[in-house]
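In this note's numbering, the protein residues as written are 1334 to 1632.
Reading through the structure tokens given below for one structure.
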């Protein structure tokens, strides 16, 4: 049972509490609203783990591609059931990580910043995703500097949070700010298990986030505390099962079903956690968010 909200009417005091100014109204409970989103996804037709470019990948471990496709299809159907629109990009042979669509670009106000990957194994993914957006009428920018899409660029209501340390670089952050027109906050990742920002931090709604503090440098933790004093802090055990690699529509938060601690914390905050099993795709170092690129159209 969820503990009662201290702001609810059942806990209302008839007179102002001593620490409040008499004219300060009691804050009403948070009402969560699901907002329809548009996503781009890529079926894992060619998924395998034939190389290792992050600590989660082990070519010696068997991968069941059929199971990966089935788990991906369930995620695709879940988004449709939640009222979201999902477009598909054709998977290309020889690009097993193309399923991790979030890395393919960053889309803000209908403007698409392409991805430029650090590792040669993924280099062809950036142009493939950018070509899809060009063919669908978006304003695009072919990047000069390394950035790995929404893997390291996460949009809040006020900022573009930008991870660096393992993949994306500061010059790529500056390029993103110039093209997308949003203020960029650079965050240093220090734990190789959390090599992309979207494995260490999630945007839940506007300027509401959750993150695993141990993934960040001391200075970046201080920045996060200052910007998001009410953030949900996630334990290492949940971060290790990619409990921060989630997709939120403001109410429903789709997350790895193994992240039970995260699910409980989200419920306490009024969100509706929805578990998904992407255990095969986890073998490539990704989960829910990695498979989901948000298309934010011009308004």
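We put the CB at the ideal spot given by N, CA and C, even for glycine.
Quick one: Cα of residue i to Cα of residue j, how far?
{"i": "residue 1603", "j": "residue 1426", "result": "42 Å"}
{"i": "residue 1458", "j": "residue 1559", "result": "36 Å"}
{"i": "residue 1334", "j": "residue 1461", "result": "Reliability fails at residue 1334, whose pLDDT of 41 lies under 50, so the model's placement of it is uncertain and the value that follows must be treated cautiously. For residue 1334 and residue 1461, the distance between alpha carbons rounds to 47 Å."}
{"i": "residue 1468", "j": "residue 1596", "result": "38 Å"}
{"i": "residue 1481", "j": "residue 1502", "result": "9 Å"}
{"i": "residue 1573", "j": "residue 1526", "result": "8 Å"}
{"i": "residue 1434", "j": "residue 1612", "result": "17 Å"}
{"i": "residue 1471", "j": "residue 1512", "result": "13 Å"}
{"i": "residue 1487", "j": "residue 1561", "result": "14 Å"}
{"i": "residue 1436", "j": "residue 1541", "result": "22 Å"}
{"i": "residue 1384", "j": "residue 1576", "result": "24 Å"}
{"i": "residue 1619", "j": "residue 1401", "result": "12 Å"}
{"i": "residue 1496", "j": "residue 1533", "result": "9 Å"}
{"i": "residue 1391", "j": "residue 1614", "result": "12 Å"}
{"i": "residue 1359", "j": "residue 1606", "result": "Any reading at residue 1359 must be qualified, since the residue scores a pLDDT of 44, below 50, and its modelled position is unreliable; the value itself is stated next. Each residue's Cα considered, the two are about 27 Å apart."}
For residue i, does the three-state DSSP call read helix, strand or coil?
{"i": "residue 1552", "result": "helix"}
{"i": "residue 1409", "result": "helix"}
{"i": "residue 1544", "result": "strand"}
{"i": "residue 1558", "result": "helix"}
{"i": "residue 1390", "result": "coil"}
{"i": "residue 1523", "result": "coil"}
{"i": "residue 1589", "result": "strand"}
{"i": "residue 1402", "result": "helix"}
{"i": "residue 1532", "result": "helix"}
{"i": "residue 1430", "result": "helix"}
{"i": "residue 1612", "result": "helix"}
{"i": "residue 1436", "result": "helix"}
{"i": "residue 1599", "result": "helix"}
Less than 9 Å between the C-beta atoms of residue i and residue j, yes or no?
{"i": "residue 1445", "j": "residue 1438", "result": "yes"}
{"i": "residue 1377", "j": "residue 1364", "result": "no"}
{"i": "residue 1485", "j": "residue 1617", "result": "no"}
{"i": "residue 1582", "j": "residue 1417", "result": "yes"}
{"i": "residue 1408", "j": "residue 1586", "result": "no"}
{"i": "residue 1448", "j": "residue 1428", "result": "no"}
{"i": "residue 1567", "j": "residue 1594", "result": "yes"}
{"i": "residue 1634", "j": "residue 1442", "result": "The first residue shown for the chain is 1334 and the last is 1632, placing residue 1634 beyond what the model contains."}
Give me the Cβ distance between residue i and residue j, rounded to the nearest whole Å; I'm assuming they're in contact under 8 Å.
{"i": "residue 1535", "j": "residue 1477", "result": "Contact flag wrong, Cβ pair sits at about 28 Å."}
{"i": "residue 1494", "j": "residue 1518", "result": "5 Å"}
{"i": "residue 1522", "j": "residue 1499", "result": "6 Å"}
{"i": "residue 1524", "j": "residue 1551", "result": "At roughly 13 Å, the Cβ-Cβ gap does not stay under 8 Å, so residue 1524 and residue 1551 are not in contact."}
What does DSSP give as the partner residue(s) for residue i in the beta ladder?
{"i": "residue 1627", "result": "1372"}
{"i": "residue 1516", "result": "Beta-bridge pairing links residue 1516 to no other residue."}
{"i": "residue 1449", "result": "1480"}
Taking 8 Å as the cut-off, is the CB of residue i close to at least one heavy atom of the ligand MN?
{"i": "residue 1459", "result": "The ligand MN is absent from the structure shown, which contains no ligand whatsoever."}
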